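Whatever position you read off the sequence shown (first residue = 1), add 149 for the numbering used here.
Working notes, structure below.
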Amino acid sequence: MGTVVSATGARAGVCRIVLPRVSRRAVEATLYRESLGVRRKGTPSRLTPGTHCSGECNGSPSRLTILVEEARAQLIAFLEGKRRELDFPIDLSGGSAFQRRVWRAILRIPYGRVRSYKWVALRVGGAGYARAVGHALGANPVPIVIPCHRVVAQDASL
Numbered sequence: 150m151g152t153v154v155s156a157t158g159a160r161a162g163v164c165r166i167v168l169p170r171v172s173r174r175a176v177e178a179t180l181y182r183e184s185l186g187v188r189r190k191g192t193p194s195r196l197t198p199g200t201h202c203s204g205e206c207n208g209s210p211s212r213l214t215i216l217v218e219e220a221r222a223q224l225i226a227f228l229e230g231k232r233r234e235l236d237f238p239i240d241l242s243g244g245s246a247f248q249r250r251v252w253r254a255i256l257r258i259p260y261g262r263v264r265s266y267k268w269v270a271l272r273v274g275g276a277g278y279a280r281a282v283g284h285a286l287g288a289n290p291v292p293i294v295i296p297c298h299r300v301v302a303q304d305a306s307l
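Written out as C-alpha cells, the structure reads:
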C-alpha cells in the first residue's frame, strides 16, 4: 500500500493522509511543510507541528496513536476489499467552506458508484461550479476516505 501517514488537527480527527511517495522521508517532508503553512495552492495547512504520526508513535498509546492505528487498520481493510465503509473521525477544518461542502457531498456517493462533477456541483451551488468542484477534489486532504475517485466527467471519463 505504501506509506500512509495521518495527523490530527484541533478537532481530534484524521486531517491528512499522504499516499505513497518516493520515500518515507518525502511523506514526512510533505507533512512538515504543511505544518508550517507552506503548501500547494488550495491545500489545507492546519496541521500542528509535532502531531504527525505514522502509526508508530513512541511511548505509551495515546489517543492520537489509537486514532491513527484505527484509521490505518480500516484503510488497509478497505483497500484489501474487506471493508466498504470508513468510520473513523476526520477533521476537515483545514479546508474552505466551499471545499468542505464539496467533500461532504462526495462522502454521500455510495461504495461502487460514481457521480459526475456536475452532480456534485448541483449539490454545492449549481452546475456552473463543476470546475471549482474539481479544484476542491484536488485539495482533498484525506484521499480514499473522501472518495474523489468516485467523481468522473459527465461522459464517465476520468
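Using N, Cα and C, we set each Cβ at its ideal position, and we do this for glycine too.
Owing to the predicted nature of the structure, the values given are computational and were not obtained by experimental measurement.
Tyr260 and Arg233 - do their beta-carbons sit closer together than 8 Å? Yes.
If the criterion is Cβ atoms closer than 8 Å, does the pair Phe247 and Leu235 meet it? No; because the gap between Cβ atoms is not below 8 Å, this pair is not in contact.
Going by CA-CA distance only, name the one from Asp304, Thr214, His284, Lys231 that's closest to Trp252. If we check each option's Cα against that of Trp252, His284 comes out closest.
Cβ neighbour criterion (16 or more within 10 Å) applied to Ala220: It counts as buried.
Please determine, among Trp268, Tyr278, Ser172, the residue with the shortest C-alpha to C-alpha distance to Val301. Just measuring C-alpha positions, the residue of Trp268, Tyr278, Ser172 sitting nearest Val301 is Trp268.
Hey, Leu241 and Arg249 are a contact pair by Cβ (cut 8 Å); roughly how many whole angstroms apart? Between Arg249 and Leu241 the Cβ distance is about 5 Å, and since that is below 8 Å, they are a contact.
In the DSSP output, what is Ser265 paired with across the bridge? Per DSSP, Val301.
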